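Chains as they are written, first to last, in my numbering: chain A, 16 to 376; chain B, 516 to 798.
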């Protein structure tokens, strides 16, 4: 549906460079990146707010690179840019020229988003969450092909944040619009995205299906962004049928997927390290990769989870346990436990070397 | 011991900062009060010199009524034309990047920096001595006419309106316009329906400021339109003419009318600025 080819835009401190990016119809595409990575610039180029130095953008096969903003059928949705001199109702209806249709469409969309009670208010008097809903209504009213959301859930209280995530998901499922959502929040991204792109210094590091990115990050940067906390250095060696990672720890890695022998980084998510020590679940489906470790630090992460830092002969790993299990196991500093690494990912060696180059820069 | 030392140091620091605060208060307030007194003396010396009777007599005199009507008429027309020129110019300077932008901006500010008399002299030379100027003057008849007053007031008021509107448009994020366009509005629609209404109060403040400059304009008007009684006699010209022939009472009455207009303008400005929550207060 949307295809970006060889897009380049020089900015003050870096160049946004996208060789190839494709967003499918009806997708919920999340662009994940830290502040200043170029994700908002990319959205602005898609919307036509900025001109690209080179490259092409195709929407349904048509080259829209030089098309006027008003002819693109791509709408930027941002609660910050509600028109302050117009009421909520006029804000939502501004994109519809026919007065007769306007009234009906505004009512229809407002009912869908539950904002009918706000219609006569001034946007300045709304909360941030309400402003976002109004901005979304304003975008939906004109039936665009793509809705661009620039950090729509930023600076919201936790409850509104959660509610809006659920609402956004529902709205997207009930419509046939494509959403492109920019954020720096990984949790927000995995809650909403069907597909995802990770952007760093103006380059797309990896893009594709969310689960594919989470389970197979291309490099250390992507891995860190999608929640991997433990990175072990070493070499991969093949022993018979099995591939073994020999380094900070010796870990037997996935034998289904063929691996290259040589230097590698092994990435492990905190949730994929199981504590199988005293009082815990003694059985683990994967009898391999069980280590004895000493707890170095324990601290609560949320109401339901606890994070523990464990030490295995000088190698420290971060793992996460549900609070009830942590209480049952009586986790505390100095306690010896058994841990099992249930899932790990070998990061691409080429990507690793490429990463090193960019780091040096 | 250490704690007591720190405490004593803290107290000393507090004493010093309080003393500095007092000095700063005195330094900043003394000139303010001195200048305020000067202004009160100036206004007071005009108002104090005139009796209510003289004022009523002056207002009912044909000459004063003529000059008030002429000043108001010319200044309103001049401000309207200045708005037609100033708002698009302010928008262009705020929104577009082009070569020589800052030089153009400096040139536009020239009428603010130059003495109005010099500006008027220049205009007179332009209209009288150059081909283009002569052509314009032959077509519209500007020298020593009321149209000349409008021209002089327009030249003086326009830079103020450009400056104010530029600042207002710069304070409005261009993304408002882009978002409106992405919702299907054309460029002109996004300007007329979004940016212009958002800038309304700021433009109004600029217009009031420009109008105040126009109505009080003297030097340039004197050069182009001359000081002909009951013909090109605006309020400042009327003061000048009456003082020069020794008719001080009438000159005083006109000065009081001017002060009243100035107070009205300040009140209007405050009202407009308050409408906008003080946003354009420093334009």
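Idealized CB from N, CA, C, for every residue including glycine.
Quantities reported herein were computed from a predicted structural model and do not represent experimental measurements.
- Taking 8 Å as the cut-off, the beta carbon of residue 747/B is found closer than this to the beta carbon of residue 664/B.
- The stretch 750-758 of chain B and the stretch 675-683 of chain B do not touch, with fewer than 3 CB-CB distances between them shorter than 8 Å.
- Residue 734/B sits close to residue 630/B, with the two beta carbons spaced by under 8 Å.
- Residues of chain A whose Cβ lies closer than 7 Å to the Cβ of residue 691/B are, in chain order, 96 and 98.
- Using a CB distance cut-off of 8 Å, residue 713/B counts as an interface residue toward chain A.
- Straight-line measurement puts the Cα of residue 616/B at about 37 Å from the Cα of residue 169/A.
- Cβ-Cβ distances below 6 Å link residue 208/A to 43, 45 and 225 in the same chain, with the five nearest sequence neighbours on each side left out; the list follows chain order.
- If you ignore the 5 residues before and after residue 583/B, its C-beta comes within less than 7 Å of the C-beta of 750 and 772, all in its own chain and listed in chain order.
- Under the 8 Å criterion on CB atoms, residue 638/B is classed as non-interfacial with respect to chain A.
- Boundaries of the alpha helix (DSSP H) around residue 663/B: 661-686.
- By a beta-carbon distance limit of 8 Å, residue 61/A contacts residue 89/A. Their separation comes to about 6 Å.
- Pairwise C-beta distances place the stretch 73-92 of chain A in contact with the stretch 697-710 of chain B, as three or more of them are shorter than 8 Å.
- In this structure, residue 669/B and residue 597/B form a Cβ contact; the two beta carbons are roughly 5 Å apart against a cut-off of 8 Å.
- Three or more Cβ pairs drawn from the stretch 92-103 of chain A and the stretch 144-154 of chain A lie within less than 8 Å of each other, which places the two stretches in contact.
- For residue 254/A, the closest alpha carbon among the candidates 215/A, 32/A, 265/A and 247/A is that of 265/A.
- At a cut-off of 8 Å, the C-beta of residue 649/B has no neighbouring C-beta in chain A.
- Annotation for residue 360/A: 282 place their beta carbon closer than 6 Å to its own, counting only its chain and skipping 5 residues before and after.
- Residue 236/A is outside the set of residues whose beta carbon lies under 8 Å from a beta carbon in chain B.
- Taking the CA atoms as reference points, residue 307/A sits about 4 Å from residue 353/A.
- Nearest in C-alpha terms to residue 166/A, of all of 194/A, 185/A and 140/A, is 194/A.
- Exclusion of the five residues before and after residue 182/A leaves 128 and 148 as the residues of its chain whose Cβ lies within less than 8 Å of its Cβ.
- Proximity of the stretch 233-241 of chain A to the stretch 210-220 of chain A meets the contact definition, three or more beta-carbon pairs being nearer than 8 Å.
- DSSP places residue 201/A in the helix class (H, G or I) of the three-state scheme.
- Bridge partners of residue 569/B according to DSSP: none are assigned.
- Taking a C-beta distance under 8 Å as the contact criterion, residue 677/B and residue 760/B do not qualify as a contact pair.
- Taking a Cβ-Cβ threshold of 7 Å, the residues of chain B close to residue 90/A are 697 and 698, in chain order.
- Taking residue 579/B as the centre and dropping the five residues before and after it, the same chain places the C-beta of 573, 753, 765, 768, 769 and 772 closer than 8 Å to its C-beta, in chain order.
- Nearest CB-CB separation between residue 542/B and chain A: not below the 8 Å threshold.
- Of the candidates 716/B, 728/B, 762/B and 758/B, 716/B places its Cα closest to the Cα of residue 788/B.
- With a contact defined as Cβ atoms closer than 8 Å, residue 324/A and residue 331/A qualify at about 6 Å.
- For residue 351/A, same chain residues with a beta-carbon under 6 Å away, outside a window of 5 residues either side, are 309 in chain order.
- Around the beta-carbon of residue 728/B, 16 or more other beta-carbon atoms lie within 10 Å, marking it buried.
- Of 77/A, 58/A and 141/A, the smallest CA-CA separation from residue 99/A is found for 141/A.
- For residue 315/A, the enclosing beta strand (DSSP E) stretches over residues 305-315.
- Note on the stretch 706-735 of chain B: whole alpha helix (DSSP H) runs with a minimum of 4 residues are 711-730, in chain order.
- Listed along the chain, the chain B residues whose CB falls inside 8 Å of the CB of residue 70/A amount to none; the nearest CB is some 20 Å away.
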